[in-house]
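I have placed the structure first, in the form of structure tokens, so that the comments after it can refer back to it.
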Amino acid sequence: MKDLQAWAAIGIVALAATTGDVLLSHAMKQVGDVAELCKRRGVLPVLGRVLQTPTFALGVMAMAAAFFSLLFGLSNGNLSLVVPASASLSFVGNAIAARIFLHERVGRRRWMAALLVAGGVLLMAL
Amino acid sequence: MTFKKYLVLAGIAVFGAAGDSLLDRGMKNFGIVSLHHLSRLVVALLNPSVIVGILLLLAFFACYMSSLSWADLTYVLPATSLGYVLVAFVARFAFHEHISPTRWLGIALIAAGVGFVSAGPSMTPARQARHSLDARPNAVSPEVES
């Protein structure tokens, strides 16, 4: 039962973190290259534009959900399992979600990178 | 990719790793906060390590948002995972902690992953075509995913 709770928390954390990353990435692509925009318009207008983007607020909420799910997972599960397993799953989840929702071209190179990093993060916690 | 953009990516790895480590240290110094005394968390905000940790994490978030405005998510995440390696190196060389062979293997895998993704383009063509409400064709990398 304890294991089931820990794995449920891992799944929820990875899902919420992936949702947050995808929404934030979508928001920032809508805004455009902030370095260039800041040069032309100044920092405050660009900051205002970022904060007004609906997917930015949704992304921050999803990240907050991931954070609180992680806290819940840590209180019910094993620290050395929950943190690396959810981080590792997020790398793979992001590659899938970015391909579907952000239409990024996830070629062999990026798949290899996502899988290597996911494996590395998992190994570092052992 | 310009040198400045590589600096932003390095900022994500460094600020994220340093911020997490300082928050971790600050909260351990502060002690356990029970669910019945959550108001103690406000007092924890006065801890110098926690304050610097939060400032570093704000810098991390600014760099992360900036990078997502000019690079794909599937480029930024693996490219900045060097933060995990950085934390392990700091633990090994600054705090003289033992790093097991399995962790060294993990470090090698992450480094290989970073090498794989950073050798490719930061923005793929599909994304470039849809890029930005403020579209300017020269603002993004012309590289093509191999």
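Heads up: the protein sequence lines correspond to chains A and B, in order. When we follow this note's numbering, the leftmost residue of the first sequence carries the number 10, and every step to the right adds one. When we follow this note's numbering, the leftmost residue of the second sequence carries the number 8, and every step to the right adds one. Backbone N, C-alpha and C define an ideal beta-carbon position, used for all residues, glycine too. These numbers come from a predicted model, not from an experiment.
Residue i at chain B interface by Cβ criterion, 8 Å
{"i": "LEU98/A", "result": "no"}
{"i": "MET37/A", "result": "yes"}
{"i": "ALA18/A", "result": "no"}
{"i": "LEU53/A", "result": "no"}
{"i": "LEU67/A", "result": "no"}
{"i": "MET70/A", "result": "no"}
{"i": "GLY57/A", "result": "no"}
{"i": "LEU111/A", "result": "yes"}
{"i": "VAL40/A", "result": "yes"}
{"i": "ALA44/A", "result": "yes"}
{"i": "ALA107/A", "result": "yes"}
{"i": "ALA75/A", "result": "no"}
{"i": "ALA25/A", "result": "no"}
{"i": "ALA15/A", "result": "no"}
Proximity of residue i and residue j at Cβ, strictly below 8 Å
{"i": "LYS38/A", "j": "SER76/B", "result": "yes"}
{"i": "LEU135/A", "j": "SER97/A", "result": "no"}
{"i": "VAL55/A", "j": "VAL43/A", "result": "yes"}
{"i": "THR81/B", "j": "GLU113/A", "result": "yes"}
{"i": "VAL83/B", "j": "ALA122/A", "result": "no"}
{"i": "GLY29/A", "j": "ALA104/A", "result": "no"}
{"i": "PHE77/A", "j": "ALA18/A", "result": "no"}
{"i": "GLY127/B", "j": "ALA24/B", "result": "no"}
{"i": "VAL121/B", "j": "SER28/B", "result": "no"}
{"i": "GLY18/B", "j": "ALA66/B", "result": "yes"}
{"i": "LEU79/A", "j": "VAL22/A", "result": "yes"}
Option in the options with minimal Cα separation from residue i
{"i": "VAL50/B", "options": "MET34/B, LEU64/B, LEU62/B", "result": "MET34/B"}
{"i": "ALA119/B", "options": "PRO108/B, ARG99/B, VAL92/B", "result": "VAL92/B"}
{"i": "THR62/A", "options": "MET72/B, LEU53/B, VAL57/B", "result": "MET72/B"}
{"i": "ALA20/B", "options": "THR87/B, LEU52/B, TYR13/B, GLY38/B", "result": "THR87/B"}
{"i": "ALA15/A", "options": "VAL91/A, ALA71/A, PHE77/A", "result": "VAL91/A"}
{"i": "LEU125/A", "options": "PHE65/A, VAL101/A, VAL115/A", "result": "VAL101/A"}
{"i": "TRP111/B", "options": "GLY128/A, SER34/A, LEU53/A", "result": "GLY128/A"}
Neighbour list for residue i in chain B, Cβ cutoff strictly below 8 Å
{"i": "LEU130/A", "result": "Contrary to the premise, residue 130/A reads as Val rather than Leu in this sequence. Those within 8 Å of VAL130/A in chain B are SER88, TYR91, GLY113, ILE117."}
{"i": "SER95/A", "result": "What SER95/A touches in chain B: nothing, since even the nearest Cβ is about 14 Å away."}
{"i": "ASP30/A", "result": "LEU80, LEU84"}
{"i": "VAL126/A", "result": "LEU84, PRO85, SER88, LEU116, ILE117, GLY120, VAL121"}
Per-residue contacts from residue i into chain B (C-beta, under 7 Å)
{"i": "VAL91/A", "result": "Per Cβ cutoff of 7 Å: no residues; VAL91/A is ~15 Å from chain B at best."}
{"i": "ALA104/A", "result": "THR81"}
{"i": "SER34/A", "result": "LEU75, LEU80"}
{"i": "VAL115/A", "result": "THR81"}
Per-residue contacts from residue i into chain A (C-beta, under 7 Å)
{"i": "ARG47/B", "result": "Near ARG47/B there are no residues of chain A at all, since even the closest Cβ is about 15 Å away, more than 7 Å."}
{"i": "ALA95/B", "result": "MET133"}
Cβ of residue i within 8 Å of any chain A Cβ
{"i": "LEU52/B", "result": "no"}
{"i": "ARG134/B", "result": "Because the pLDDT at ARG134/B is just 47, under 50, the model does not fix this residue reliably, and the value given afterwards should be weighed accordingly. At least one chain A Cβ lies under 8 Å of ARG134/B."}
{"i": "LEU80/B", "result": "yes"}
{"i": "PHE123/B", "result": "yes"}
{"i": "MET72/B", "result": "yes"}
{"i": "ARG99/B", "result": "no"}
{"i": "GLY33/B", "result": "no"}
{"i": "GLY127/B", "result": "yes"}
{"i": "ILE19/B", "result": "no"}
Chain A residues whose Cβ lies nearer than 9 Å to that of residue i
{"i": "MET8/B", "result": "Near MET8/B there are no residues of chain A at all, since even the closest Cβ is about 12 Å away, more than 9 Å."}
Check: residue i C-beta below 7 Å from any heavy atom of the ligand ADP
{"i": "THR27/A", "result": "The ligand ADP is absent from the structure shown, which contains no ligand whatsoever."}
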